[in-house]
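A.B. asks: Be aware that the sequence shown starts at 14, since it is given in the numbering used here, and climbs by one per residue.
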Amino acid sequence: MKAIDVEAQLQVLMQGTEYGDAQLAAKMRAELRERLLLGRPLRVYCGYDPTATDLHLGHTITMRKLRQFQELGHEVTFLIGSYTALVGDPSDKNRARPVLTEEQVNENARSYSEQAFRVLDREKTVVRANGEWLSKLSLVELIRLAQNFTVQQFLVRDNFAKRMQNGDPIFLHETFYALMQGYDACAMQTDVQVGGTDQLFNIIVAGRKLQEALGQRPQVGIITGILPGTDGVLRMSKSTGNHIPVATTAEDMYGKLMSVPDAALNVYMRLVTRWSPAAVQRMEEQIASGALHPRDGKMQLAHEITEVFYGADGAAQGQAHFERVFQRRELPDDMPVLAVVAGTKLVDFVVAEGLVPTKSEARRLIKQGGIKLGGVAVADTEMLLQLGEATVIQVGKRKFARLMP
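#1: So V308 is in the alpha helix (DSSP H); what residue range does that whole segment cover?
#2: Can you check which of these residues, K222, A129, G238, R135, is closest to Y32 by C-alpha distance?
#3: With a threshold of 7 angstroms on Cβ separation, who are the neighbours of F322 within its own chain once the five nearest residues in sequence on each side are excluded?
#4: Between L23 and L45, what straight-line distance do the alpha-carbon atoms span, to the nearest angstrom?
#5: Quick one: give me the first and last residue of the alpha helix (DSSP H) that K81 is part of.
#6: Does the separation of the CB atoms of V293 and R411 fall below 9 angstroms?
#7: Classify M177 as helix, strand or coil using the three-state DSSP reduction.
#8: Based on DSSP bridge pairs, tell me the residues matched to A352.
#9: If I406 and L386 are in contact, beta carbons under 8 angstroms, what's the gap, nearest whole angstrom?
#10: So, using beta-carbon positions, are G254 and R248 closer together than 9 angstroms?
#11: Using the three-state DSSP reduction, which class does R108 fall into: helix, strand or coil?
#12: Under the rule that 16 or more other beta-carbon atoms within 10 Å means buried, what is M177, buried or exposed?
#13: Please confirm whether L26 and L99 have their CB atoms less than 9 angstroms apart.
#14: Can you grab the Cα-Cα spacing for the pair T210 / H256, in whole Å?
#15: Tell me G234's beta-bridge partners as DSSP assigns them.
#16: Answer with buried or exposed for A355, where buried requires no fewer than 16 other C-beta atoms within 10 angstroms of its C-beta.
#17: Please state the DSSP three-state secondary structure of E88.
#18: What is the DSSP secondary structure of T261, counted as helix, strand or coil?
#19: Measure the alpha-carbon distance for S250 versus G71 and round it to whole angstroms.
#20: Who does R141 pair with in a DSSP beta bridge?
#21: Have a look at P182 and K175 and give me their C-alpha separation to the nearest angstrom.
#22: Just to confirm before moving on: does the CB-CB distance between V205 and I236 stay below 9 angstroms?
#23: For Q407, which of helix, strand or coil comes out of DSSP?
#24: Considering only DSSP beta bridges, list what H69 is partnered with.
#25: Are there 16 or more other CB atoms within 10 angstroms of the CB of P274, so buried, or fewer, so exposed?
#26: Where L155 and Q202 are concerned, what is the direct C-alpha to C-alpha distance, given to the nearest angstrom?
#27: Apart from the five residues on each side of it in sequence, which residues of its chain come closer than 8 angstroms, Cβ to Cβ, to V353?
#28: Run through the DSSP bridge pairs and tell me what G60 is partnered with.
#29: Rounded to whole angstroms, what is the Cα-Cα separation between M76 and V140?
#30: Starting from the C-beta of G208, find all residues in its chain whose C-beta is less than 8 angstroms away, skip the five residues before and the five after it, and write them out in chain order.
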């Protein structure tokens with residue numbers, strides 16, 4: 014492999030990485046260069062604990078990085094944390110995760126994998142589950158692995174330290190997680206592990222230390238940045254309501270991407286798109302110089318990301334829908350038709366039809382003028398539906414339906 018090829022790969026693979034420490038970043042970059050100079054495909058993986066079925070764009074950041082490794086000819090393993098999910102990763106949690114059953118994990122894994130293949134190349138992806146090796150560990154083997162760590166190493170972690178300060182419990186099984194994840198790297202003898210910043214301890218400390226203890230060359234950690242949600246500030250999360258689901262519609266994804274603040278565009282460009290570092294830099298410079306309006310740059314971004322998940326036709330449909338509804342203020346052509354029984358409470362109706370997840374959310378939207386009938390904002394949270402003719406209901410910015418009496 015030529016040195017110029019290695020430098021080109023480094024530029025792509027290190028884009029969007031975030032270590033929180035310049036020395037660690039330089040060390041990982043140097044070690045990755047050494048591995049690439051070997052001239053063989055690297056063994057790369059990322060582990061995913063299927064604790065839920067619904068993914069959002071934030072979950073796909075590491076998948077995008079794996080796809081980059083695939084496109085550069087490296088061997089990628091999509092590791093399902095069938096065993097680690099039974100424990101639950103405490104890395105970004107201030108309280109213990111609920112323990113899942115094996116049946117729940119298996120069901121979630123099926124949904125997770127299918128959504129992941131919207132990003133990954135199915136033909137170039139090896140799918141494994143860490144139950145293959147973790148289920149075979151004896152108690153003696155587990156104790157020997159644990160001898161490589163101290164209790165203090167776990168307690169200084171930010172989330173555990175906060176629990177200690179607050180007097181919240183830290184359960185013993187939670188300390189097993191980093192050890193289990195670290196052993197994944199040993200079992201597969203990996204060169205590279207990809208993960209978010211919340212996985213820094215598990216990858217850099219646990220994984221590398223166990224590999225070294227077992228006579229393997231410590232893996233390179235590729236640590237990706239965290240994607241902010243549609244508010245542009247908080248980490249994307251379903252619980253905060255600022256997420257963009259993967260399993261949605263092209264129109265919804267495009268519209269939500271257009272709602273992302275201009276200040277967050279560069280993060281989305283670096284973490285979610287297929288654009289090269291040079292292309293990202295070029296767009297940033299065009300926006301900064303005024304040669305490209307941020308709105309137009311955002312439309313290119315929304316089209317690119319929507320195309321990743323829904324193809325060129327889906328991206329075109331999403332853009333056309335956005336231009337029609339939000340720029341020209343026209344009603345969408347493909348509204349669902351919903352029958353209304355006279356006297357039905359509006360709050361009950363929008364929840365029953367799936368337009369709003371909960372009644373409390375429906376009431377909040379009404380108070381904020383976020384639900385409209387015939388283009389007029391509803392003000393009464395106790396309103397009863399009495400329709401004399403067909404009427405269009407709008408919920409939020411992107412949901413429309415035609416109501417029939």
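C-beta: ideal position from N, C-alpha, C; glycine also.
C.D. replies: Taking the structure as given:
#1: The amino acid occupying residue 308 in the given sequence is Arg; Val does not appear at that position. 307 to 335 is the span of the alpha helix (DSSP H), which, as asked, contains R308.
#2: Its Cα nearest to that of Y32, the residue G238 stands out among K222, A129, G238, R135.
#3: Setting aside the 5 residues that flank it on each side, F322 is surrounded in the same chain by R131, V259, M266, each with a C-beta closer than 7 angstroms to its C-beta; the list follows chain order.
#4: The alpha-carbon of L23 is positioned some 8 angstroms away from that of L45.
#5: Residue 81 is actually Gln in this sequence, not Lys. Its alpha helix (DSSP H) spans residues 74 to 84.
#6: With contacts defined as CB atoms closer than 9 angstroms, V293 and R411 fail to qualify as a contacting pair.
#7: DSSP places M177 in the helix class (H, G or I) of the three-state scheme.
#8: As computed with DSSP, A352 is found in a beta bridge with M417.
#9: Confirmed, Cβ separation roughly 6 angstroms.
#10: No, the pair does not count as a contact, with Cβ atoms beyond the cut-off.
#11: Bear in mind that the predicted position of R108 carries a pLDDT of just 48, short of 50, making it unreliable; the figure below should be weighed with that in mind. Coil.
#12: Per the 10 Å Cβ criterion, exposed.
#13: It is not a contact, given that the beta carbons lie outside the stated cut-off.
#14: Rounded to whole angstroms, T210 to H256 spans 18 angstroms at the Cα level.
#15: Residue pairing by DSSP places G234 opposite Q206 in a beta bridge.
#16: By the Cβ-count criterion, A355 is exposed, with fewer than 16 other Cβ atoms from all chains shown falling within 10 Å of its own Cβ.
#17: The answer is strand: DSSP assigns E88 an E or B state.
#18: Three-state DSSP puts T261 in coil, outside helix and strand.
#19: Rounded to whole angstroms, the separation of the alpha carbons of G71 and S250 is 8 angstroms.
#20: For R141, the beta-bridge partners assigned by DSSP are L92.
#21: Approximately 10 angstroms, taken between the alpha carbons.
#22: Not closer than 9 angstroms, so no.
#23: DSSP places Q407 in strand when its eight states are reduced to three.
#24: According to DSSP, H69 bridges with P258.
#25: With fewer than 16 Cβ atoms within 10 Å of its Cβ, P274 is classed as exposed.
#26: In this model, L155 and Q202 are separated by some 18 angstroms (Cα to Cα).
#27: Excluding residues within five positions, the ones whose Cβ falls inside 8 angstroms are F362, L398, L400, L416, M417, P418.
#28: G60 is bridged to L92.
#29: One Cα belongs to M76, the other to V140, and the distance between them is close to 13 angstroms.
#30: Excluding residues within five positions, the ones whose Cβ falls inside 8 angstroms are C59, G60, T75, N215, I216, G234, I235, I236, T237.
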